[in-house]
Amino acid sequence: DASRGAETEQMVKKNNLHTHERLLKPLSGFSGLSGEMKELAAIISGDIYLHNPNVRWEDIIGLEDAKRLVKEAVVYPIKYPQLFTGILSPWKGLLLYGPPGTGKTLLAKAVATECRTTFFNISASSIVSKWRGDSEKLVRVLFELARYHAPSTIFLDELESVMGQRGTSLGGEHEGSRRMKTELLVQMDGLSRSEDLVFVLAASNLPWELDHAMLRRLEKRILVGLPSSPARQAMISHWLPPLSSTGGMELRTSLDYKMLQMEGYSGSDIRLVCKEAAMTLVRTVFDSLESHQECSDITAIQLGALTTADFVEVIAHTKPSARSLMDRYTAFEREYESV
Ligand code: ADP
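And the structure:
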């Protein structure tokens, strides 16, 4: 049947991905590093390098403009390098900004998956908190590794937490974090001068807090906004299709997707609501499971279908997380738009 077919297709896709996966070059060829730097390189390869992000463009719902812009800026230069020379030299720094949970990380992962670039995933706040004094060195080694494994994408999440405007943080800046910022700027300059296919994709929920020196180096700035009405409907029907299953138990829904507006909710909010709604169905079986031990065959249990009214009830109890900042994102877009 159709769902079985789709499942097989997914599996074949996954396997293909597996056999075509890029193997990392051994670090032994990574010369000119002292013992300490080698250690950092090993840590980066272990913790920060992501083996296979496995996100396809079609996994990202909506965001057509953002997808197109990211493809133009990063994907095509990798695929058709001969076209991107002279005035069209590739953009090395991209800023994805917008409310949390809207697909910024997914976009970065899709670039890495679809272009089969080496993907380094760094949450900026973790560099500072974990590495403190060493964070500057870590940044240097990270960029060296990215060049060594090129084509590479470096995804810097929560950029504002390290690249806030200087001197604005409470109680002055930690010396180590100031040096790290400088190193990041130096490395970005190095990228823009070189031919290496290394791209920095930075994400921020609070772009107006970013240091201007950093903003200037992120030449493309792309708003990843809250999902549109059709995108929200597509998300709900993706996560709660008319028929799905969990643990062999059938989950049926009869939702009038058009009735479920959910304006102001982000993709991750909507996912949470869908999960909560599915849980209201599953919750009903726990009582009978717990009281009748003999009825342990879960697959034999028939659940009722989730209705639009059930879903609306769940929405009422789960508020969107980011609506209030939307005006600031559009104001920032007006001032700093660069697509
Ligand atoms: P952020 O913008 O904060 O980086 P993420 O990309 O990490 O957000 O999204 C968080 C989760 O929300 C994703 O793993 C996915 O499940 C869901 N999600 C958010 N936006 C979308 C989208 N446009 N398409 C599909 N899933 C989405």
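Numbering-wise, the sequence shown is residues 1 to 339 according to the UniProt record's numbering. The beta-carbon is built from N, C-alpha and C at its ideal position, and this holds for glycine as well. Keep in mind that this is a model prediction, so the values were computed, not measured.
Separation of residue j from residue i, as counted between CA atoms
i	j	result
LYS67	GLY98	14 Å
GLU333	ALA202	16 Å
LEU17	HIS51	Here the model assigns LEU17 a pLDDT of 43, short of 50, so the residue's position is not dependable, and the following value carries that caveat. Distance between the alpha carbons of LEU17 and HIS51: 12 Å.
LYS275	GLN187	42 Å
ARG283	PHE120	39 Å
THR113	ALA213	30 Å
residue 403	GLY267	Here the chain has residues from 1 to 339 only, and residue 403 is not among them.
GLN302	THR253	13 Å
ASP269	LEU96	19 Å
TYR49	ILE122	9 Å
residue 396	PRO77	Absent from the structure is residue 396, since the part of the chain shown begins at 1 and ends at 339.
VAL75	THR308	40 Å
GLU39	MET180	18 Å
VAL55	LEU63	15 Å
PRO320	ALA41	40 Å
Check: residue i C-beta below 7 Å from any heavy atom of the ligand ADP
i	result
THR102	yes
PRO227	yes
ILE154	no
LEU88	no
SER268	yes
ILE61	yes
THR318	no
VAL200	no
THR105	yes
Integer Cβ distance of residue i from residue j, believed to fall under 8 Å
i	j	result
PRO53	LYS109	4 Å
ILE61	ALA234	5 Å
ALA277	ASP310	6 Å
ALA73	LYS220	5 Å
residue 345	VAL198	Outside the shown range of the chain (1 to 339) lies residue 345, about which nothing can therefore be said.
SER204	LEU159	4 Å
Status (buried if at least 16 other CB within 10 Å, exposed otherwise) for residue i
i	result
HIS238	exposed
ILE154	buried
LYS92	buried
MET279	exposed
THR19	Model confidence at THR19 stands at a pLDDT of 38, short of 50, so the residue's coordinates are unreliable and nothing is read from them.
PRO227	buried
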